[in-house]
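Participant: From first to last, the protein sequence lines are chains H and E. For the first sequence, this note's numbering assigns the number 1250 to the initial residue and increments by one for each residue that follows. For the second sequence, this note's numbering assigns the number 21 to the initial residue and increments by one for each residue that follows. Ideal Cβ placement from N, Cα and C applies to all residues, glycine included. Shown below is the structure under consideration.
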Amino acid sequence: MTLTRRLAIGLGLAASLMGTTAVAQDKMRIALVAKSLGNGFFEAAARGAEEAAEELGGTEIIYTGPTSTTAEGQIEVINSLIAQRVDAIAVSANDPDALVPALQKAMQRGITVISWDSGVAPEGREMHLAPSSDALIGQTIIKLAADHLPDGGKVAVLSATSTSTNQNTWIAEMEKVMGEYPDIEVVATVYGDDLADKSYREAQGLMQSYPDLDAIIAPTSVGIVAAAQAVQDEGKVGEVNVTGLGLPSEMAGAIESGASKSFAIWNPVDLGYTTAMIAHALATDEAAAEPGAEIDTGRMGSVTLDETNSAAMSEPFTYDESNIDEFKSIF
Amino acid sequence: MSLADGTRPRHLPDRLSGRGARVLKSWELLLFGIAVLIFLANTQASQYFLDPWNLSDATFNFTEKAMIGFAMALLIISGEIDLSVAGIIALASTAMGWALQFGVGTPGLVAIGLAVGLLCGAFNGALVTRLGLPSIVVTIGTMSLFRGISYIVLGDQAFNGYPESFAWLGRGYVFWVISFELTLFAVFALIYGVVLHKTNFGRHIYTIGNNPTAARFSGIRVERVKMILFLLTGLMSGIAAICLTARLGSTRPSIAYAWELEVVTMVVLGGVSILGGSGSILGVVIAALVMGMVTFGLGLLNVPGIVMSIFIGALLIGVIAIPRLVAKLRRS
């Protein structure tokens, strides 16, 4: 390292230190970064994080994210959060690898970094909070369909994009337990790209290609609503059961019309709450992110980190006509 | 003044010191004024804006797009357009990731990125100049074609594990806060500025954009010039693909999604007429700075991305409409 470079870095450090003192905030600022804005799931998670912030006191939640679900967009958001010197960044990643350099830079500058919902590669975060375990979700989505098909039948999967980490893992886990359902056949997997119109067309296509289809499993909150709408419009209520993962507020109509008999989701409010609790605990050094560590998460109890520093919040919860009215106004 | 058949003659500027140049100059001045205003507003709005490292991080918002923007400006001035640039990035990045699996080193990866860019540009150029197809249709087609190949190769997979020396091309710093990408941006701005404004080739581009028939009769090899411009746009997309891939450290088929519109927005905001025939590299440089500062400044205030898009859209319409309105008022 040359003398000029050493000087430059020293000056830079001094400047940034002075900067920190000058702009020191009394509040702890936790940034909750969504895959994209305008998605009901992330809005609900942000409300949960706000709830945690109120409970903790002296904490401010910055809820932000890119307009479209791209890694480049999230990197821009992360760069501006680093520039603001927030205390913690909790991100639901659009790409587990591409965010690593930006998040490593954040960690080098003393920012606590965790991922939640959709994970970041281990070198790019201190810990990851999964809403549930992938195996449990995979088992749940096929069980939801099977529960209403005692005599077996044909089911199809309507997923998000072909590159969605979450959906692909869940579908793989679902396929692992297909042996338990010998009479159920998965006839196709199609991709609606998490766009309402494309998902709708793909669902229509499924019903045309497989006239004897019994169920559509959509493990995405956009796809499931579009599929239920397509079933209703095709007049196939009662013939094709739409299930998977969805938001109660968006699925209430489908439950009422009978297009969907039941669906599951973890509670995004709980997920946002737990994420904020963990981010706060790590940023204040009340807890350390290391394998086997147990982190207290307020009303959600606690989570335990596995050997990859990941933790699962809880099992997905099933919603049907018995409880939809209670939850549809929550998220 | 009107011709015998009653139509008005088309104004064809033949040197930069004419009336056209004054309009051009005022356009860039207006844009520069906006850039200064945005800069001042940003320093007032956020205490974190005036920090060399923060500003340096923010330059990554536009450097790659602007590099394509320079070549795109030439292409649009000549009356053509290339909407497949983001598709070329995806394909070039995929080709590099694929080669990486066979242990190809940094020089090889760079060569592959450049070669794929050039090939894609040649493909677009051949369809437009040899078959005489409209470039907007051709490149809307190749936009899906190039990215589609990436999706077929990669599906839901990603290529990663790029070597450190390659990563430097997207994350490295030449001196203090001056990144390698920012240096490339400056060098290309200079090269394209000289080519467009100081060479015969540059004059030919304006002539073709203003009146391709007249250009042909003046002995300009229109097809050849257009072919070179498509090759340049492909090459710059290849260079952007190298920088972006190095910066992200991974290749996914969704890489640089929808960048073509941002690049075209930057070029048009820079004062390049979408109808061809006028524009300058200086304008594109200022437009890149404006877009970068707006994105970063609003990001610092945690303004949602959709509001940023609205702001850029309004800026684009405003900057284009104001000179026309002024001209209209003057005439009446």
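(1) Output the distance between the C-alpha atoms of Leu-289(E) and Leu-1385(H), rounded to the nearest integer angstrom.
(2) Is it buried or exposed for Ala-278(E), if we count other Cβ within 10 angstroms and need 16 for buried?
(3) Does the beta-carbon of Ala-1537(H) have 16 or more other beta-carbons within 10 angstroms, so that it is buried, or is it exposed?
(4) Give me whichever residues DSSP pairs with Tyr-1440(H) in a beta bridge.
(5) Compare the beta carbon distance of Gly-317(E) and Ile-97(E) with 8 Å and say whether it is the shorter of the two.
(6) Thinking C-alpha only, which one of Gly-291(E), Ala-209(E), Asn-144(E), Ala-261(E) is nearest Arg-344(E)?
(7) Using 8 Å as the limit for Cβ to Cβ distance, is Asp-1344(H) near chain E?
(8) Helix, strand or coil: how does DSSP classify Ser-270(E) here?
(9) Measure the alpha-carbon distance for Val-1471(H) versus Phe-1290(H) and round it to whole angstroms.
(10) Is there contact between the stretch 1351 to 1359 of chain H and the stretch 90 to 110 of chain E, where contact requires at least three CB pairs shorter than 8 Å?
(11) Since Gly-1322(H) meets chain E, which of its residues come closer than 8 Å, beta carbon to beta carbon?
(12) For the stretch 1340 to 1373 of chain H, list the alpha helix (DSSP H) runs that are entirely contained and at least 4 residues long, ordered along the chain.
(13) With a cut-off of 8 Å, does the C-beta of Ile-330(E) fall near any C-beta of chain H?
(14) Go ahead and label Ala-1263(H) buried or exposed: buried means 16 or more other beta carbons lie within 10 angstroms of its beta carbon, across all protein chains shown.
(15) Given that a residue counts as buried once 16 or more other Cβ atoms are within 10 Å of its Cβ, and exposed if not, what is Arg-351(E)?
(16) Using 8 Å for Cβ pairs, my map puts Ile-109(E) next to Ala-260(E). What's the rounded Cβ distance?
(17) Can you grab the Cα-Cα spacing for the pair Thr-79(E) / Met-311(E), in whole Å?
(18) Can you give me the C-alpha to C-alpha distance between Ser-76(E) and Ile-248(E), rounded to a whole angstrom?
(19) What does DSSP give as the partner residue(s) for Thr-1553(H) in the beta ladder?
(20) Counting only beta-carbon atoms, is Ser-298(E) nearer than 8 Å to chain H?
(21) Would you report the Cα separation of Gly-89(E) and Ser-293(E), rounded to the nearest angstrom?
(22) Could you name the residues of the same chain whose beta carbon sits closer than 7 Å to that of Leu-49(E), not counting the 5 residues immediately before and after it, in chain order?
(23) Is there a C-beta anywhere in chain H that falls below 8 Å from the one on Ala-307(E)?
(24) Ala-1349(H) versus chain E: which residues are under 7 Å apart at the beta carbon?
(25) Leu-70(E) by DSSP, collapsed to three states: which one?
(26) At a Cβ threshold of 8 Å, is Leu-320(E) touching chain H?
(27) Checking 8 Å against the spacing of the C-beta atoms, do Ile-1573(H) and Pro-1497(H) come in under that value?
(28) In the stretch 157 to 245 of chain E, which residue ranges form an unbroken beta strand (DSSP E) of at least 3 residues, counting only runs that do not cross its ends?
(29) Whose C-alpha, out of Ala-1525(H), Lys-1284(H), Met-1423(H), Asn-1288(H), is nearest the C-alpha of Pro-1315(H)?
(30) Name, in chain order, the residues that DSSP records as bridge partners for Ser-1585(H).
(31) Count the other CB atoms, across all protein chains shown, that sit within 10 Å of the CB of Thr-1553(H); report buried if there are 16 or more and exposed otherwise.
(32) Indicate whether at least one CB of chain E lies closer than 8 Å to the CB of Thr-1412(H).
(33) Pairing CB atoms from the stretch 250 to 269 of chain E with CB atoms from the stretch 175 to 184 of chain E, are three or more of them under 8 Å?
(34) Any beta-carbon of chain E closer than 8 Å to the one on Ala-1332(H)?
(35) Quick one: measure Cβ to Cβ for Ala-1339(H) and Ala-1528(H), integer angstroms, because I've assumed they're closer than 8 Å.
(36) Counting C-beta neighbours from all protein chains within 10 Å, is the total for Lys-85(E) 16 or more, i.e. buried, or is it exposed?
Facilitator: The structure says:
(1) Translated into positions along the second sequence, residue 289(E) becomes position 269. Translated into positions along the first sequence, residue 1385(H) becomes position 136. Whole-angstrom Cα-Cα distance: 51 Å.
(2) The residue labelled residue 278(E) in the question sits at position 258 within the second sequence. Flag for Ala-278(E) reads exposed.
(3) In the first sequence, residue 1537(H) corresponds to position 288, counting from 1. Taking every protein chain shown into account, the CB of Ala-1537(H) has fewer than 16 other CB atoms within 10 angstroms, so this residue is exposed.
(4) Here residue 1440(H) refers to the residue found at position 191 of the first sequence. Partner(s): Ser-1408(H).
(5) The residue you call residue 317(E) lines up with position 297 of the second sequence. The residue you call residue 97(E) lines up with position 77 of the second sequence. No, these two residues do not count as a Cβ contact at 8 Å.
(6) One-based indexing of the second sequence puts residue 344(E) at position 324. Closest option to Arg-344(E), Cα to Cα, is Gly-291(E).
(7) Within the first sequence, the letter at position 95 stands for residue 1344(H). With 8 Å as the cut-off, Asp-1344(H) counts as an interface residue toward chain E.
(8) Against the second sequence, residue 270(E) aligns to sequence position 250. DSSP places Ser-270(E) in strand when its eight states are reduced to three.
(9) Here residue 1471(H) is taken as the residue at index 222 of the first sequence, counted from 1. Here residue 1290(H) is taken as the residue at index 41 of the first sequence, counted from 1. Whole-angstrom Cα-Cα distance: 10 Å.
(10) Result no; under three Cβ-Cβ pairs closer than 8 Å.
(11) Position 73 of the first sequence, counted from the first residue, corresponds to residue 1322(H). Within chain E, the residues near Gly-1322(H) are Gly-325.
(12) The DSSP assignment places 1349 to 1357 as complete runs of the alpha helix (DSSP H) inside the stretch 1340 to 1373 of chain H, in order along the chain (cut-off: 4 residues).
(13) Within the second sequence, numbered from 1, the residue matching residue 330(E) stands at position 310. So, not an interface residue.
(14) Start at 1 with the first residue of the first sequence, and residue 1263(H) comes out as number 14. Unreliable placement is indicated for Ala-1263(H), whose pLDDT of 41 sits below 50; the coordinate value is still reported in the next sentence. It counts as exposed.
(15) Numbered from its first residue, the second sequence carries residue 351(E) at position 331. By the C-beta density criterion, Arg-351(E) is exposed, having fewer than 16 other C-beta atoms within 10 angstroms.
(16) Locating residue 109(E) in the second sequence gives position 89, counting from the first residue. Locating residue 260(E) in the second sequence gives position 240, counting from the first residue. About 6 Å separates the two Cβ atoms, so the contact holds.
(17) Numbered from its first residue, the second sequence carries residue 79(E) at position 59. Numbered from its first residue, the second sequence carries residue 311(E) at position 291. In a straight line, the C-alpha of Thr-79(E) is about 10 Å away from that of Met-311(E).
(18) Along the second sequence, one-based indexing puts residue 76(E) at 56. Along the second sequence, one-based indexing puts residue 248(E) at 228. Computed Cα separation, rounded: 33 Å.
(19) As a working mapping, residue 1553(H) is identified with position 304 in the first sequence. In the DSSP output, where bridge partners are listed per residue, Thr-1553(H) has Glu-1543(H).
(20) As a position in the second sequence, residue 298(E) is number 278, starting the count at 1. Answer no: the Cβ-Cβ gap between Ser-298(E) and chain H never drops below 8 Å.
(21) Here residue 89(E) corresponds to residue number 69 of the second sequence, with the count starting at 1. Here residue 293(E) corresponds to residue number 273 of the second sequence, with the count starting at 1. Roughly 14 Å separates the two Cα atoms.
(22) The residue labelled residue 49(E) in the question sits at position 29 within the second sequence. Hits under 7 Å: none found.
(23) Counted from its first residue, the second sequence places residue 307(E) at position 287. Taking Cβ atoms only, chain H never reaches closer than 8 Å to Ala-307(E), which makes this a no.
(24) Counting from one through the first sequence, the residue named residue 1349(H) turns up at place 100. The sequence shown places Val at residue 1349(H), not Ala. Per Cβ cutoff of 7 Å: Gly-269.
(25) Stepping through the second sequence from its first residue, residue 70(E) is reached at position 50. Here Leu-70(E) sits in coil by DSSP.
(26) Along the second sequence, read from residue 1 onward, the residue named residue 320(E) stands at position 300. So yes, Leu-320(E) belongs to the interface.
(27) Against the first sequence, residue 1573(H) aligns to sequence position 324. Against the first sequence, residue 1497(H) aligns to sequence position 248. Yes, the Cβ-Cβ distance between Ile-1573(H) and Pro-1497(H) is below 8 Å.
(28) 193 to 195
(29) Numbered from its first residue, the first sequence carries residue 1315(H) at position 66. Checking every option, the nearest Cα to that of Pro-1315(H) belongs to Lys-1284(H).
(30) What is shown of chain H runs 1250 to 1580, which leaves residue 1585(H) out entirely.
(31) Sequence index remark: in the first sequence, residue 1553(H) carries index 304 (1-based). It is exposed - the Cβ of Thr-1553(H) has fewer than 16 other Cβ atoms within 10 Å.
(32) Here residue 1412(H) refers to the residue found at position 163 when the first sequence is read from its first residue. At least one chain E Cβ lies under 8 Å of Thr-1412(H).
(33) As far as the Cβ criterion goes, the stretch 250 to 269 of chain E touches the stretch 175 to 184 of chain E, which means the pair count is three or higher.
(34) On the first sequence, residue 1332(H) is found 83 positions in, with the first residue counted as 1. At least one chain E Cβ lies under 8 Å of Ala-1332(H).
(35) By 1-based counting over the first sequence, the position of residue 1339(H) is 90. By 1-based counting over the first sequence, the position of residue 1528(H) is 279. The Cβ separation is near 5 Å, so the contact holds.
(36) As a position in the second sequence, residue 85(E) is number 65, starting the count at 1. When all chains shown are included, Lys-85(E) counts as buried.
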